[in-house]
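First residue of the sequence shown? That's 435 in the numbering used here, and the numbers climb one at a time after it. Idealized CB from N, CA, C, for every residue including glycine. Note that the coordinates shown come from a computational prediction; the quantities given were computed from them, not determined experimentally. What follows is a short report on a single structure.
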Amino acid sequence: AGATRAEVQGVLRAWSQDAARLTSGRGGLADLEPELARDPARLTVTIGLGPGLFDAVRMPEKRPSWLRQLPAFPQIDQLEDRWSGGDLLLQICADDPLVVSHAARILASGVRGVAEQKWAQRGFRKAVGTDPTGRTQRNLFGQIDGTVNPGPDDVDFDRVLFSDGRSADGQTQRWMRGGSSLVLRRIRMTMDTWEEIDRTSRELSMGRRIESGAPLTGVHEHDPADFEAVDEVGLPVIPPESHMARARQRDRGEAMLRRPYNYDDPPEPGRISNSGLIFTAYQADPVRTYIPVQRRLAEQDALNTWTVPIGSAVFALPPGAPEGGYVGQGLFEG
């Protein structure tokens, strides 16, 4: 808070320049260990802008109307400030944790004195090479997580993921055209009580088979689910309160690109485990897409018994930088 417009532009310019170098295997501009950058291991750097940034630089009129913290979900939320909010985001991903650590240090050191770190959340996915088939990732419940994601071959993929600059309320922000939004939720998973229930109960809570990820009415992960099917005593095969039934898209406007990361940190005092999910969802407009789905899950989701959201944040992801420019440049020029 209180940063000048020029200071924020300087941060975005420094991050964009260093990210371009690091992702191409070159050291940062002031990098004393460029050897650590030589194999970028598919490094990506995503820059996001939080709701408070626009007030800090005195440009509230440029904030997209959907860019605000999520509404409260009192049935499930136990949010902690140390995992929530933020004015600027760096999402750094690579196949090698050494590359991630080096990139994070270079990017942070380049803006020291202007930007202060509020939180760092470290997550992991299945290591590259351990599963040559490239199956959908699993979370720490053993659940295959992210099955019904839109793919680049879908005819509406761009419309689902990228903004045309317009919000659901008709507001237009030209600088956001080609950008996206990120909803981040840190979800504690109570592994201790999860381990007390049997496999059948787990699958009924999910609506899918753990081994294959198939819906309870199917055989393979991507088989269509039959939510009308009943068993021999007339009960739904896929329980209506299961996670799958509550999370499924009611229409294509609820399609989002979900990318989950696991975390497994040292236990805190009085706890046996400290594990969970760093859930990220990308979409053109989270008010139209994410919030209706989250409301249904908060109202009724069998998995809520073992999950507690403890962090929440929303960011605008500007479109890619022009050649020689920086991410977010359009915000200051339009």
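Please state whether DSSP places residue i in a helix, a strand or coil.
i    : result
L501 : coil
Q525 : strand
I510 : coil
M678 : helix
Q717 : strand
D698 : strand
V442 : helix
A464 : coil
V479 : strand
Q763 : helix
R546 : coil
R684 : coil
P756 : coil
A435 : Reliability of the predicted coordinates at A435 is poor, the pLDDT of 47 falling under 50, and the value obtained from them is presented with this limitation in mind. Coil at A435, not helix or strand.
R572 : strand
T539 : Before going on, a small fix: residue 539 reads as Arg here, not Thr. DSSP places R539 in helix when its eight states are reduced to three.
I725 : helix
L650 : coil
R447 : helix
R642 : strand
Based on Cα-Cα distance, which residue from the options lies nearest to residue i?
i    : options                : result
P584 : I621, Q683, W609       : Q683
E675 : R593, M640, A506, P485 : M640
G482 : P720, P468, L522       : L522
R705 : M625, A736, R492       : M625
E702 : I510, R622, A453       : R622
A448 : E767, G759, E629       : G759
T480 : T714, V742, E441, A732 : T714
S518 : P531, R492, I540, Q551 : Q551
With C-beta atoms as the reference, is residue i less than 8 Å away from residue j?
i    : j    : result
G613 : S601 : no
V445 : V534 : no
L513 : I744 : yes
Q571 : R559 : yes
Y716 : L616 : yes
R502 : P485 : yes
R476 : P468 : no
A537 : L456 : yes
R730 : R680 : yes
D579 : N573 : yes
P752 : W628 : no
Q509 : E733 : yes
A747 : G520 : yes
R620 : G710 : yes
A755 : S450 : yes
H654 : L737 : no
L524 : L470 : no
P649 : A659 : yes
A718 : R593 : yes
L487 : V545 : no
L618 : I712 : yes
T581 : G647 : yes
What residues match up with residue i in a beta bridge as DSSP calls it?
i    : result
V742 : R622
F749 : L616
F558 : N696
I706 : In the DSSP output, where bridge partners are listed per residue, I706 has none listed.
L456 : L456 is not bridged to any residue.
L711 : I621, N696
L691 : Y716
P670 : V664
R472 : Beta-bridge pairing links R472 to no other residue.
I631 : DSSP, once it has assigned bridges, lists no residue as partnering I631.
Which complete alpha helix (DSSP H) runs does the region 588–613 hold, if anything under 4 residues is left out? 591–595
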